[in-house]
Amino acid sequence: MRVSTEELAVLWKEMLGDEADLNTGFIANGGDSLKAVLLADRIFKLTGQELDYLEILEAPDAATLFRTVLAGGRD
């Protein structure tokens, strides 16, 4: 299923709050490993793509994570 950056941003903000900055990393926005696991699950439900929670934690910002998701994951 093809998703948009906007749909992924909605998930990001649902998990971290409306004030979450898309230009900042997940942890800097108040995220933790449990929230990363939950976000990975929501991304899977939306896209069918499995994403390791560490990819969420290690992404320097939302845009980098979204590019990974939209590209079909890391190789």
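For the sequence shown, the numbering used here assigns the number 63 to the initial residue and increments by one for each residue that follows.
Ideal Cβ placement from N, Cα and C applies to all residues, glycine included.
Using three-state DSSP, classify residue 103 as helix, strand or coil. Helix.
Determine whether the beta carbon atoms of residue 87 and residue 122 lie at a separation below 9 Å. Yes; because the gap between Cβ atoms is below 9 Å, this pair is in contact.
I need the boundaries of the alpha helix (DSSP H) containing residue 130, first residue and last residue. Counting along the chain, residue 130 sits inside the alpha helix (DSSP H) bounded by residues 124-132.
Alpha carbon of residue 101 to alpha carbon of residue 115, nearest angstrom: Approximately 8 Å between the Cα atoms of the pair.
What does the alpha-carbon distance come out to for the pair residue 98 and residue 89? Between the alpha carbons of residue 98 and residue 89 lies a distance of about 9 Å.
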